[in-house]
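A.B. asks: For the protein sequence lines, the chains are X and G, in the order given.
Per my numbering, the first sequence starts with residue 1, numbered consecutively.
Per my numbering, the second sequence starts with residue 1, numbered consecutively.
If you scroll down you'll find the structure; I have some questions about it.
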Amino acid sequence: MITYVCLAILFLFVIAKSIIYWRRNKNSIAPEELDRRLVLQINRDSDNHGQ
Amino acid sequence: MDNKIPVQIKPTIKTKYVYEKLRICNNCHRYTILREDNCTFCGKPGLLPLREKAAATVRRTMRNERLAAILITLISIFFGRSFQEMAIGLAGGVILTGCLWFVQHRLLPRAVSREIARMFLHDRQRIADGLIANLDRAVETGKEDKARSYEMLREIAALVHDDTIRSLQIILLQSFVLRKDMELELEPLLQSRFDPDLARYIGELAKIKRELIKDRTFRYILKYEHEIASLERGEDILAGVAGAAVRLKRYVLSYSDFISRYARLLPKERFLRLYRVIATNPNEPWTSLADEVYRIYNEKYQWDADFQQITPRSISL
Ligand SMILES: [Zn+2]
Numbered sequence: 001m002i003t004y005v006c007l008a009i010l011f012l013f014v015i016a017k018s019i020i021y022w023r024r025n026k027n028s029i030a031p032e033e034l035d036r037r038l039v040l041q042i043n044r045d046s047d048n049h050g051q
Numbered sequence: 001m002d003n004k005i006p007v008q009i010k011p012t013i014k015t016k017y018v019y020e021k022l023r024i025c026n027n028c029h030r031y032t033i034l035r036e037d038n039c040t041f042c043g044k045p046g047l048l049p050l051r052e053k054a055a056a057t058v059r060r061t062m063r064n065e066r067l068a069a070i071l072i073t074l075i076s077i078f079f080g081r082s083f084q085e086m087a088i089g090l091a092g093g094v095i096l097t098g099c100l101w102f103v104q105h106r107l108l109p110r111a112v113s114r115e116i117a118r119m120f121l122h123d124r125q126r127i128a129d130g131l132i133a134n135l136d137r138a139v140e141t142g143k144e145d146k147a148r149s150y151e152m153l154r155e156i157a158a159l160v161h162d163d164t165i166r167s168l169q170i171i172l173l174q175s176f177v178l179r180k181d182m183e184l185e186l187e188p189l190l191q192s193r194f195d196p197d198l199a200r201y202i203g204e205l206a207k208i209k210r211e212l213i214k215d216r217t218f219r220y221i222l223k224y225e226h227e228i229a230s231l232e233r234g235e236d237i238l239a240g241v242a243g244a245a246v247r248l249k250r251y252v253l254s255y256s257d258f259i260s261r262y263a264r265l266l267p268k269e270r271f272l273r274l275y276r277v278i279a280t281n282p283n284e285p286w287t288s289l290a291d292e293v294y295r296i297y298n299e300k301y302q303w304d305a306d307f308q309q310i311t312p313r314s315i316s317l
């Protein structure tokens, strides 16, 4: 019995992880976007320091 | 400015994306943008590119998930009441763990990008502190090695767009003997305010590397034309920039009024170039520039042999 419960838990775990990965995959971040975010973040921060 | 020093400036290490310049210390987890072998903070080697660090983090998380799946499989085998149940537990566990591994493997690259974005947000202050430490170090280095200090500032400026850093770079550049074969830059150094050193630097580039002077620089010069004109040898700077503009017909058309104000100060070789552009394109809307050019031509170069080879299609005097 416990064997089947464990397999069911494992099945749900794999399904849940797959859904999470698949959803993240759909809104993936391109390297250009990473660049844009970092440059924006740094320069906004340095502007605040300058004020 | 006679005590300029001859220097060797190393070329920049080009990366496709700016964030690829940033590295993190594997030991103390602080960030740096400087190309150094050892961490500025802890002095140890082991600076990793962000992608490498993020990939290691993602791989570790994924490995832990697989270990959890294997653990559940083992429990299911352990509690099997018969050989058949144990076999089912083993087979089911292997298949499901295999599925998990397959999904992880396929989505690894995207997961790494997400991890990098998470690091930007999570380590926001740490990144800022790293860059400030880099800047301090660059300024400190400037006391002994100005060329290295310039290289460091250039690395920082790739990410931090700040007029103060640009000013520091310009001050250093103005203390160097600039040569044509150096890897110099101009547009990243343009500022939102007037900087006499920047104007002088542009004047020097107009002599040795005029191909660096492009639209953004012309607009900067036009914006601060009065301030530059009031500098010592300011008119030479403006004439140099006008001389750089005549290298392309497009620039001559866009900045014809500016060029006409300094056409008289152009050296012969630059004026010849301007004259050729105007004379061979009589139908372009040159406005007052054409009149000024032909006036100067008549006054100074009418009998010059170099100008005789160019035959204007129609002289609009
Ligand atoms: Zn360190």
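Every residue, glycine too, gets a C-beta built ideally from N, C-alpha and C.
Keep in mind that this is a model prediction, so the values were computed, not measured.
1. Kindly indicate which residue of G:144, G:134, G:182 has the alpha-carbon position closest to the one of residue 159 (chain G).
2. Listing by chain order, which chain X residues have their CB less than 7 Å from the CB of residue 161 (chain G)?
3. Which class does residue 9 (chain G) belong to by DSSP, given the choice of helix, strand or coil?
4. Where does residue 25 (chain G) sit, in a helix, a strand or coil, going by DSSP?
5. Give, in chain order, every unbroken run of the alpha helix (DSSP H) that is at least 4 residues long and sits entirely within the region 117–159 of chain G.
6. Quick one: complete alpha helix (DSSP H) runs, 4+ long, within the region 31–97 of chain G?
7. Please identify, using Cβ separations under 9 Å, the residues of the region 173–197 of chain G that lie next to chain X, in order along the chain.
8. Buried or exposed, going by whether 16 or more other CB atoms sit within 10 Å of the CB of residue 325 (chain G)?
9. Going straight from the alpha carbon of residue 207 (chain G) to that of residue 107 (chain G), what length do you get?
10. Would you kindly work out how many angstroms separate the C-alpha atoms of residue 223 (chain G) and residue 27 (chain X), rounded to a whole number?
11. Helix, strand or coil: how does DSSP classify residue 11 (chain X) here?
12. Is the region 43–55 of chain G in contact with the region 73–81 of chain G, if contact means three or more CB pairs nearer than 8 Å?
13. Can you give the Cα-Cα distance for residue 7 (chain X) and residue 86 (chain G), rounded to whole angstroms?
14. With DSSP run on the structure shown, which of helix, strand or coil describes residue 1 (chain G)?
15. So which residues of chain X does residue 167 (chain G) contact, with C-beta pairs closer than 7 Å?
16. Consider the C-beta atom of residue 44 (chain G) and the heavy atoms of ligand 1; say whether any pair is separated by less than 7 Å.
17. Taking the alpha helix (DSSP H) that residue 275 (chain G) belongs to, which residues open and close that run?
18. Return the CA-CA distance between residue 246 (chain G) and residue 20 (chain X), expressed in angstroms with no decimal places.
19. At the 8 Å Cβ level, is residue 24 (chain X) part of the contact set with chain G, yes or no?
20. Can you pull the DSSP bridge partners for residue 218 (chain G)?
21. Residues in its own chain within less than 8 Å of residue 59 (chain G) by CB, not counting five upstream and five downstream?
22. Which chain X residues are close to residue 130 (chain G), counting only those with a beta carbon under 9 Å from its beta carbon?
23. How many angstroms separate the CA atom of residue 12 (chain X) from the CA atom of residue 63 (chain G)?
24. Quick check on residue 31 (chain G) - is its C-beta less than 8 Å from some C-beta in chain X?
C.D. replies: With the given structure in hand:
1. Taking the second sequence and counting its residues from 1, the one referred to as residue 159 (chain G) is at position 159. It is G:134.
2. The residue given as residue 161 (chain G) occupies position 161 in the second sequence. Neighbourhood of residue 161 (chain G) in chain X, by CB distance below 7 Å: 43, in chain order.
3. Your numbering for residue 9 (chain G) matches position 9 in the second sequence. If DSSP states are grouped into helix, strand and coil, residue 9 (chain G) belongs with coil.
4. For this step, residue 25 (chain G) is matched to residue 25 along the second sequence. It is a strand residue.
5. The DSSP assignment places complete alpha helix (DSSP H) segments of no fewer than 4 residues inside the region 117–159 of chain G at 124–141, 146–157, in order along the chain.
6. 50–78
7. none
8. Because chain G in this structure spans residues 1 to 317, residue 325 (chain G) falls outside the shown range and cannot be described.
9. Working through the second sequence from its first residue, we reach residue 207 (chain G) at position 207. Working through the second sequence from its first residue, we reach residue 107 (chain G) at position 107. So the alpha carbons of these two residues sit roughly 53 Å apart.
10. As a first step, residue 223 (chain G) is located in the second sequence; it is residue number 223 there, counting from the start. As a first step, residue 27 (chain X) is located in the first sequence; it is residue number 27 there, counting from the start. Straight through space, the alpha carbons of residue 27 (chain X) and residue 223 (chain G) are spaced by roughly 43 Å.
11. By 1-based counting over the first sequence, the position of residue 11 (chain X) is 11. Residue 11 (chain X) falls in the helix class under three-state DSSP.
12. no
13. As a working note, residue 7 (chain X) is residue 7 in the first sequence. As a working note, residue 86 (chain G) is residue 86 in the second sequence. Cα to Cα, residue 7 (chain X) sits roughly 11 Å from residue 86 (chain G).
14. As a first step, residue 1 (chain G) must be located in the second sequence, where it is residue number 1. Confidence in residue 1 (chain G) is poor, its pLDDT being 49 and thus under 50, which makes the residue's placement too unreliable to answer from.
15. The residue labelled residue 167 (chain G) in the question sits at position 167 within the second sequence. Near residue 167 (chain G) there are no residues of chain X at all, since even the closest Cβ is about 13 Å away, more than 7 Å.
16. For the purposes of this step, residue 44 (chain G) is taken as the residue at position 44 of the second sequence. For ligand 1, at least one heavy atom lies less than 7 Å from the Cβ of residue 44 (chain G).
17. Counting from 1 along the second sequence, the entry for residue 275 (chain G) is found at position 275. Run containing residue 275 (chain G): 268–280, per the alpha helix (DSSP H) assignment.
18. Residue numbering aside, residue 246 (chain G) sits at position 246 when the second sequence is read from its first letter. Residue numbering aside, residue 20 (chain X) sits at position 20 when the first sequence is read from its first letter. Between residue 246 (chain G) and residue 20 (chain X), the C-alpha separation is close to 59 Å.
19. Sequence index remark: in the first sequence, residue 24 (chain X) carries index 24 (1-based). Yes, residue 24 (chain X) lies at the interface with chain G (some Cβ there is under 8 Å from its Cβ).
20. Along the second sequence, one-based indexing puts residue 218 (chain G) at 218. Paired residue(s): none; residue 218 (chain G) is not in a bridge.
21. One-based indexing of the second sequence puts residue 59 (chain G) at position 59. Around residue 59 (chain G): 108.
22. Numbered from 1 along the second sequence, position 130 holds the residue referred to as residue 130 (chain G). Residues of chain X passing the Cβ test: none, with the nearest at roughly 10 Å.
23. In the first sequence, the residue the question calls residue 12 (chain X) occupies position 12. In the second sequence, the residue the question calls residue 63 (chain G) occupies position 63. Here the alpha carbons of residue 63 (chain G) and residue 12 (chain X) stand approximately 18 Å from one another.
24. Residue mapping note: residue 31 (chain G) aligns to position 31 of the second sequence, counting from 1. Chain X contact via Cβ: absent.
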